[in-house]
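J.:
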Amino acid sequence: MATYESLGVLPLINANGTMTALGGSKMPTQVLAAMEQASQHFVDMFELQRAVSEQIASLTRNEGALVVAGASAGLLVSSLAAMTGTDMRAVARLEEHGGDGLDHNEIIMHRAHRIPGDNVITLAGASIVEIGNVMETEMWELEGAITERTAALVYIAGSHLQEGALPLTDVTATLGPMGIPVIVDAAAQLPPRDNLWRYTEEGADMVLFSGGKELRGPQTSGLILGRRDWIDACAVHIGPLPRLARPAKVGKEEMVGLLTALEIWMEEDLDARLRRIEEVTAWWVDYFGDVPGVVVTREYPGESGRPLPRALLRWPAELGLSATKVSQLARTGDPGIDLAVAGPGSIWLSAEVLDPGEEALVATRIREILTSSDRPGPET
Ligand SMILES: *Cc1c(COP(=O)(O)O)cnc(C)c1O
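Just add 1462 to wherever you are in the sequence shown, counting from 1, and you've got my numbering.
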């Protein structure tokens, strides 16, 4: 059997978070069991998609839902949907001639919201029209960018990107009455649980979440939630149909797996988990408090502006140790530890996805690296 061991790929302790580059998250065994069962039978995929969509829509208090191959796939599919609606002639023009063949092919984004990976919008055939600057955006800039070619506005959610952008409710209040859909990329914006319906309540038409991050579903899954007419327009483009977003297709296993993961997550005691993350963070702050030269603090919010604490360790340049070096040394230990570099002389430690007991392994190893007498001298 091809296992990590037989492949010579060593598992890592994850003190970083639900990072795609580390495999996202770990699926609960019930999710795996549901996927295994799903894999053993043939079904009508349209029927399955309808049934799963209905359940997910109801669980997340949305009119409609669709499982796709990730939040990024969701951005592709929702961009296509925004350009064509359910008009099959527009779908055909888009397939033959790209976005240039369409009446609506411009997607507005705040300049403060440009993130790595947002170019799947361009892959869909739309051109991105930027408004504002990285620091601030004015309402007249949004109003000035709307033309008859406008297909949608893509809004990236998260408190870390809020400052330079208009509030979501101002955006939806402006575009809603014009019939221009607002797509919210909320891939990593869980918890809190009510984010599953909050953006839709604030007027968003299509909202994207990753299935393989906080929800602990298959890493190759994601959700489009929102208004039924726009979800219908999304469904026009994806597999099992041989259409443009066929690459965003998911299997029966992902559909059933993500639904099961969502059911589990809706019942999970998120407060208890948050308390545990707080406890570990406090323990790290205490533990590293007496390491010479190291300043350790609890930081909040966490990665992607999420409401989770993490520990920040900072040390002066005189220690002659770069954060990149610390990260490398942690990675190559046994077991290897993955952490986030915060700056030239600082790292973040997150307890978000640690198993009980791993916090101590992380602590001793990082302390060892920070205090080791044979650590490398100042780097040039
Ligand atoms: C993780 C992330 C994505 C990509 O999500 P996938 O489910 O891996 O496709 C897109 N946008 C944002 C803001 C993300 O954090």
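Yeah, the Cβ is synthetic: ideal placement off N, Cα and C, and Gly gets one too.
1) What three-state label does DSSP hand Glu-1841 in the structure shown?
2) Ala-1444 to Thr-1833, Cα distance in whole Å?
3) Within 7 Å: the Cβ of Lys-1488 and any heavy atom of ligand 1?
4) Looking at the strands, I want to know which residues DSSP matches up with Ser-1808.
5) I'd like to confirm something about Ile-1618: is its beta-carbon nearer than 7 Å to some heavy atom of ligand 1, or not?
6) Could you give the distance in angstroms between the alpha-carbon of Leu-1658 and the alpha-carbon of Val-1616?
7) Taking C-alpha atoms, which residue in Ala-1527, Gly-1679, Thr-1522 lies nearest to Leu-1510?
8) For Ala-1710, does the three-state DSSP call read helix, strand or coil?
9) Would you give the residue range spanned by the alpha helix (DSSP H) that Tyr-1617 belongs to?
10) Have a look at the DSSP bridge pairing and note the partners of Asp-1432.
11) Would you give the residue range spanned by the alpha helix (DSSP H) that Asp-1632 belongs to?
12) Is Lys-1711 a contact residue of ligand 1, with contact defined as CB to any heavy atom under 7 Å?
13) Which of the three DSSP states is assigned to Val-1529 in this structure?
14) Using the three-state DSSP reduction, which class does Ser-1540 fall into: helix, strand or coil?
15) Is the closest heavy atom of ligand 1 to the C-beta of Ile-1686 under 7 Å?
16) Please name the residue in Ala-1613, Ala-1619, Tyr-1661, Gly-1641 whose C-alpha comes closest to that of His-1566.
17) Distance, Cα to Cα, Thr-1465 vs Gly-1638?
18) Three-state secondary structure (DSSP) at Ser-1672?
19) Buried or exposed for Arg-1827, going by 16 or more other Cβ atoms inside 10 Å?
20) I'd like to know whether the C-beta atoms of Ala-1648 and Lys-1675 end up nearer to each other than 8 Å.
21) With His-1575 as the anchor, note down where its beta strand (DSSP E) starts and where it stops.
22) What residue ranges within the segment 1580-1604 form continuous alpha helix (DSSP H) runs of no fewer than 4 residues, ordered along the chain?
23) What number of angstroms, rounded off, separates the C-alpha of Ala-1483 from the C-alpha of Ile-1475?
24) Rounded to the nearest angstrom, what separates Pro-1549 and His-1575 at their Cα positions?
25) DSSP on Val-1756, reduced to helix/strand/coil?
26) Would you give the residue range spanned by the alpha helix (DSSP H) that Val-1698 belongs to?
27) So, with DSSP's three-state summary, where would you put Leu-1652?
28) Mapping DSSP to helix, strand and coil, what is Leu-1832?
29) On the DSSP letters alone, give me the boundaries of the beta strand (DSSP E) that Ile-1645 sits inside.
30) Got a sec, what are the start and stop residues for the alpha helix (DSSP H) Leu-1687 sits in?
31) With a threshold of 16 other CB atoms inside 10 Å of the CB of Asn-1524, please say whether the residue is buried or exposed.
32) DSSP state of Met-1489, grouped into three classes?
T.: From the atom records:
1) In this prediction, Glu-1841 has a pLDDT of 49, which is less than 50 and means its spatial position is unreliable; nothing more can be read from the coordinates.
2) Because the chain is modelled from 1463 through 1842, residue 1444 falls outside the range shown and cannot be assessed.
3) no
4) Arg-1776, Gly-1805
5) At least one heavy atom of ligand 1 falls within 7 Å of the beta-carbon of Ile-1618.
6) Taking the straight line joining both Cα atoms gives about 17 Å.
7) Of the candidates Ala-1527, Gly-1679, Thr-1522, the one whose C-alpha sits nearest the C-alpha of Leu-1510 is Ala-1527.
8) helix
9) Counting along the chain, Tyr-1617 falls outside any alpha helix (DSSP H), though it belongs to the beta strand (DSSP E) covering 1612-1618.
10) Outside the modelled stretch of the chain, which goes from 1463 to 1842, sits residue 1432, for which no answer is possible.
11) 1630-1637
12) No, the Cβ of Lys-1711 stays beyond 7 Å of every heavy atom of ligand 1.
13) strand
14) helix
15) Ile-1686 Cβ: outside cutoff for every heavy atom of ligand 1.
16) Ala-1613
17) About 50 Å.
18) strand
19) Around the C-beta of Arg-1827, 16 or more other C-beta atoms lie within 10 Å, and the residue is accordingly described as buried.
20) no
21) Counting along the chain, His-1575 sits inside no beta strand (DSSP E), nor does DSSP assign it H or E at all.
22) For secondary structure counted as the alpha helix (DSSP H) over 4 or more consecutive residues, the segment 1580-1604 holds these complete runs in sequence order: 1582-1585.
23) 13 Å
24) It is Asp, not Pro, that sits at residue 1549 in the sequence shown. So the two alpha carbons sit approximately 29 Å from each other.
25) coil
26) Where Val-1698 is concerned, there is no enclosing alpha helix (DSSP H), given that its DSSP letter is neither H nor E.
27) coil
28) helix
29) Where Ile-1645 is concerned, the enclosing beta strand (DSSP E) stretches over 1644-1647.
30) Premise fails: Leu-1687 lies in the beta strand (DSSP E), 1684-1688, not in any alpha helix (DSSP H).
31) buried
32) Coil, per DSSP.
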